[in-house]
Ligand code: CUA
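Numbering (the working numbering), first residue to last: 23 to 178.
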């Protein structure tokens, strides 16, 4: 069977691209441990405030330069609203919503989650640079959406 030269180039470039993309996704998922922020962990959205650990949202030290932030997203703020960690700390965020869909974004980082009622979203991030980091809502959630933000301070 005769295949035209350009046809062959096109087929090979398609096959190479496909392999390359699968390799990137594979390395990212299995070698670097990346995964979608939502772990498909569910929670009864009506009972968030009485379901551990969300009955006591807060910020706790869980290891050397390692913290866990159990957070509630609600119209129009996050609980806890003030957090501070030393430079180089890793924070494990565990977030759910008590009402509607909210966002959870820290600009200039790869932290960006959708906080859906009924689900627990998790992401970890290591803060290497000191400064004030804004945690903001990037999903329109009502009349006060634009004021929904808190800060996390990273001290030197
Ligand atoms: Cu919460 Cu917009």
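Glycine included, each C-beta is placed from N, C-alpha and C at the ideal position.
For residue i, list the residues DSSP reports as bridge partners.
{"i": "residue 33", "result": "Answer is none; residue 33 lacks a bridge partner."}
{"i": "residue 183", "result": "Residue 183 falls outside the range modelled here, since the chain spans only 23 to 178, and no answer is possible."}
{"i": "residue 119", "result": "95"}
{"i": "residue 147", "result": "113"}
{"i": "residue 126", "result": "135"}
{"i": "residue 158", "result": "127 and 171"}
{"i": "residue 153", "result": "176"}
{"i": "residue 141", "result": "64"}
{"i": "residue 100", "result": "95"}
At a cut-off of 7 Å, would you count residue i as near ligand 1, judging by its Cβ distance to the nearest heavy atom?
{"i": "residue 170", "result": "yes"}
{"i": "residue 130", "result": "no"}
{"i": "residue 97", "result": "yes"}
{"i": "residue 125", "result": "yes"}
{"i": "residue 162", "result": "yes"}
{"i": "residue 114", "result": "no"}
{"i": "residue 24", "result": "no"}
{"i": "residue 159", "result": "yes"}
To the nearest whole angstrom, what separates the beta carbons of residue i and residue j, a pair I think is in contact under 8 Å?
{"i": "residue 173", "j": "residue 151", "result": "At roughly 15 Å, the Cβ-Cβ gap does not stay under 8 Å, so residue 173 and residue 151 are not in contact."}
{"i": "residue 98", "j": "residue 166", "result": "3 Å"}
{"i": "residue 95", "j": "residue 115", "result": "No, residue 95 and residue 115 are not in contact; Cβ-Cβ is about 11 Å, not under 8 Å."}
{"i": "residue 77", "j": "residue 71", "result": "6 Å"}
{"i": "residue 142", "j": "residue 65", "result": "6 Å"}
On the criterion of 16 or more Cβ atoms from any shown chain inside 10 Å, does residue i qualify as buried, or is it exposed?
{"i": "residue 26", "result": "exposed"}
{"i": "residue 111", "result": "buried"}
{"i": "residue 129", "result": "exposed"}
{"i": "residue 103", "result": "exposed"}
{"i": "residue 177", "result": "exposed"}
{"i": "residue 39", "result": "exposed"}
{"i": "residue 45", "result": "exposed"}
{"i": "residue 79", "result": "buried"}
{"i": "residue 82", "result": "exposed"}
{"i": "residue 50", "result": "exposed"}
Problem set entry | Start-end ranges of the beta strand (DSSP E) lying completely within the stretch 52 to 89, minimum 3 residues | 60 to 64 and 80 to 85
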